[in-house]
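Just so we're aligned, residue 91 is where the sequence shown starts under our numbering, counting upward by one.
We put the CB at the ideal spot given by N, CA and C, even for glycine.
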Amino acid sequence: MIEKQTSSTTRLKQRQVRLRRSERGQSLMEFALSFTIFVLLLAAAVDLGRMFLSYVAVREAAEEGAIYGSFNPADTGGIEARTRTSSSTPVDLADVGLVAVNVGYLGDACAGNGLQVTVTYSFSLTMPLIGMILGTQDFPLAATATSTVLAPPCP
C-alpha cells in the first residue's frame, strides 16, 4: 500500500514539474509581449514630450519676434533675426531649412495696428516604428504671436 502511495505521489510530482515547465514558457511569452508594448508606449511618451518642448520653443520665439516688432514694425529683417536668435535648444531656430519665420501686418506698420509673427518648424520623430504606425515621421509645428504696434505713430 505504501508503495502505491509513493508511486502515485511521484507521478503527481512529475506532472506538476511538467506543468511548471510549460507555464514558464507561457510566462516568458507574456513578458515578451507586454515588454514590447511597454517600450513602444515609453518611446511614444518620450517623442510626445520632445514635441511639446519644441512647440514651446517655437511659440516663445514667435512671441519674442512679435514683442520686438511692436517697437520696430518696419524692420522685418530685425524681427526675423530676433526670432531666430531667441533660442538654440531644443529647436535650432537658425536652421532656415527646418524653421520658417513669416511677418504679417494687420493694417499699416504704425501704432495701434497689429503685427503677426508666425514660426513653423518641421519636427522629426526619433523612433521609426512610431512613424510607421502614424504614417509619417515629420510633423509641422506652428505658432503665431500677435502684438499691437506701439511705435511709430500713424501719419
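Across which residues does DSSP place residue i in a beta bridge pair?
i: V193; result: V207
i: A235; result: V207
i: P230; result: S212
Residue i: buried (16+ other C-beta within 10 angstroms of its C-beta) or exposed?
i: S98; result: exposed
i: L143; result: exposed
i: T166; result: buried
i: V191; result: buried
i: L196; result: exposed
i: E120; result: exposed
i: V107; result: exposed
Looking only at its chain, what residues have a beta carbon closer than 8 Å to the beta carbon of residue i, apart from the 5 residues adjacent to it on each side?
i: P230; result: T210, Y211, S212 and F213
What distance in whole Å lies between the Cβ atoms of residue j and residue i, which are believed to be in contact at a cut-off of 8 Å?
i: G168; j: S237; result: That belief does not hold up - the Cβ atoms of G168 and S237 are roughly 14 Å apart, past 8 Å.
i: V193; j: V148; result: Contact flag wrong, Cβ pair sits at about 15 Å.
What are the boundary residues of the alpha helix (DSSP H) that includes residue i?
i: A199; result: Unbroken run through A199: none, as it is neither H nor E.
i: G221; result: P218 to L224
i: A171; result: T166 to R174
Can you name, in chain order, every residue of its own chain whose Cβ lies under 7 Å from the Cβ of residue i, other than the five neighbours on each side?
i: A241; result: F161 and A201
i: T100; result: none
i: P243; result: C200 and A201
i: D137; result: L215, T216, M217 and I220
What residues in its chain sit with their C-beta under 6 Å from that of residue i, if we drop five residues either side in the sequence?
i: A184; result: R174
i: P163; result: A199, L205 and V239
i: A235; result: A152, E153, A156 and V207
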